[in-house]
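Residue numbers (this note's numbering): 1 to 747.
Even glycine gets a Cβ: it sits at the ideal position worked out from N, Cα and C.
Values in this document were obtained by computation on a predicted structure and should not be read as measured data.
Here's what the structure looks like:
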């Protein structure tokens, strides 16, 4: 069996790197397979650093270079590996809370085992989202404590049968205590030891404050603090914590009893120190540590261990394998030190219990457990990958809720932006969003007579009316104190206003709204011919088509529709080449609205040419954005120039909405259910079927995040993104009903 490992790796100085190296060696040398397993390593580099890796490292990933993650997925898939093992810790992967690892994992074509080195009890929104997605992708999740199992089930809704508990391995190394003490010239000393990366959460000051009372009775005692300051601490705070500790040693007058060894040593040397120590201490300052490699090593070396009751220690030191004291409890620690030094037979019993347990978790035995797990997973995998059908099912969608829209709306209109889920009043209002909001509540009321939707409708309609100039054009931006911020808005905002007004005229909930909307719509009519932006023209075309559904005999409006459609056709024919079936020499934003407009116009113009170009341009856009089986939107960082490359970020919800609407209209024209499948794929972009494999819909606020950025998800939840999600959601529900009706008629 060939196994691919992803994690940090020596010579990078990192506890997870040491873990990965030990696991690699123990798996490749597993007794059960006669050492016939093969392994390759994909190593994580950090912050521009590169290392002289050993031969087993076949590829490296630069932490903040997302392209490297995608390249790694390709490499692993073609490496011949049967299974992949990921060592997960948030801090070693790039992007927001390590989100860059998700596209890699999603693209793997082999089974995945994930070892979780951290499980957070109270994760942030992003931390939880990343962890949930990792656990969905993995065939099996390895944790090292029962507490971690319980937390994954309770906090992350991971099925317990998917989780396996395998202890942290320890090197199979033993040294005689007397000889180790002699080598370090500590034969006459009582030796206390703490090792590992140094940082504020390690609580070393608690040990230092406990020492004066202990050394008064045992003046030959020495406390060794072995380890470098953590690299992340160095980057952010330098050596301030070490300097603080040195100052505290001097203040307490225990300089002769404390030794700081600022070094990262190999395992053999480490186990000599552990063997030489009489007592090992992990005085961490809070419970939230689910795994401690240093604690496991101390048990493996047969040390007498004292620790605060963080999660891993509480389990590992049970059954007489160690002693616990409260967080920051100097007096309790002093008492335990004195008790153990006063009663060496008790200390010997702790050492024996630790040693006996340590024999059960040596790396060869832990490696065997990983091999057995990997063999089981590989054996259970189907020989042929079954492609998952994308099924349109409203029952698996989040409930349709207007909570965030209501939160963003006041008596003027809908607030344009938000800070996370909170309205950002500083940014005021815009016509674009109030037009989309009107469209959304009208769709909602049409569907289920939602009273809140009806209540909100006049607010958005009155905003559109307020922003209309005497010549029929519109202003766009309004400050929170209702001051106009522009004289004339963008053509895009004009087109979106006409889109929503046209929908109102085709689907008015009552006559008052219809008459108001009709006045605004026809006051704007003289500006239709002045439009230059093709997206504004496209939005206006869609608005006209909605109007015509309620007024199909309006020949004058049909002629205006024909003229505007002709302008889109002209741009298409000017830019189309054999391999570029598009209206412009680049793909930018709201792209699907252009084919969508033609597919709407085709309903009324009875033109084969309009229909053909609409379908052709839709197929071209789909070939670019859906080629990987999910929606990958053209990012607005660099767009997509003809003969260039697709820009992956920043992806906007408006584009997903336009894709949903485009496929919905294609289905209405053709009755081809393949378009329903594509519609659903595009909608699932909001719920995590995207390049970063994470949901933009916020199940807590009921809003939608503003987009996918290079660093992760933009967690702000403004009106544009939330309305894009809600209109898409309503379109999915409409499509489901249309499919159901069509199928029932065929029966």
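Relative to the Cα of residue 655, the nearest Cα in the group 535, 229, 196 belongs to 535.
In this structure, residue 204 sits away from residue 309, with a CB-CB distance that is not shorter than 8 Å. Excluding its 5 nearest sequence neighbours in each direction, residue 725 has C-beta neighbours in its own chain below 7 Å: 653, 686, 697, 704, listed in chain order. Comparing C-alpha distances from residue 224 to each of 487, 575, 270, 236 shows the shortest one belongs to 270. In the DSSP annotation of this structure, the continuous segment of the alpha helix (DSSP H) that includes residue 22 starts and ends at 15-28. Where residue 462 is concerned, the enclosing alpha helix (DSSP H) starts and stops at 451-466. Cβ atoms of residue 303 and residue 280 come within 8 Å of each other, at about 4 Å.
Where residue 52 is concerned, there is no enclosing beta strand (DSSP E), because DSSP gives it neither an H nor an E. For residue 144, the three-state secondary structure derived from DSSP is coil. Cβ contact annotation for residue 649 (same chain, cutoff 7 Å, sequence separation greater than five): 635, 637, 708, 709, 710, in chain order.
When the Cα atoms are used, residue 471 and residue 452 turn out to be separated by approximately 33 Å. Distance check between residue 197 and each of 190, 189, 136, 232 places 232 closest, using alpha-carbon atoms only. The beta carbon of residue 671 sits closer than 8 Å to the beta carbons of 742 from its chain, once the five residues preceding and following it are set aside; these are given in chain order. Counting C-beta pairs with one atom in each stretch, the segment 307-323 and the segment 261-278 have fewer than three that are closer than 8 Å, which means they do not touch.
Only residues of its own chain outside the window of five on either side were considered, and among them 167, 168, 169, 170, 296, 299, 300 have a CB closer than 8 Å to the CB of residue 361, listed in chain order. With respect to the 8 Å criterion, residue 478 and residue 538 are not classified as neighbours on the basis of their beta carbons. Proximity of the segment 674-683 to the segment 111-120 falls short of the contact definition, fewer than three beta-carbon pairs being nearer than 8 Å. Look at residue 380 here: in three-state DSSP terms it is helix. If you look at residue 712, you'll find it in the beta strand (DSSP E) that goes 712-714.
Boundaries of the beta strand (DSSP E) harbouring residue 87: 83-88, taken from the DSSP string.
Residue burial annotation: residue 408 is buried, with at least 16 other C-beta atoms found within 10 angstroms of its C-beta.
Cβ atoms of residue 713 and residue 177 stay farther apart than 8 Å, at about 53 Å. Collapsing the DSSP output to three states places residue 321 in coil.
With contact defined as three or more Cβ pairs closer than 8 Å, the segment 337-351 and the segment 227-242 are not in contact. According to DSSP, residue 222 shares a beta bridge with 191. Partner residues in the beta bridge of residue 362, as assigned by DSSP, are 170. Cβ contact annotation for residue 374 (same chain, cutoff 7 Å, sequence separation greater than five): 1, 3, 83, 113, in chain order. Following the DSSP letters along the chain, one finds residue 115 inside the beta strand (DSSP E) bounded by residues 112-116. Under the three-state reduction of DSSP, residue 423 is assigned to strand. Taking the CA atoms as reference points, residue 254 sits about 41 Å from residue 52. When secondary structure is reduced to three states using DSSP, residue 721 falls in the helix class. Using a Cβ distance threshold of 8 Å, residue 222 and residue 191 count as a contacting pair. DSSP, read as helix, strand or coil, puts residue 198 in strand. Counting C-beta pairs closer than 8 Å gives three or more between the segment 36-44 and the segment 2-16, which meets the contact rule. With the rule of 3 Cβ pairs closer than 8 Å, the segment 347-365 does not count as touching the segment 284-293.
When secondary structure is reduced to three states using DSSP, residue 536 falls in the helix class.
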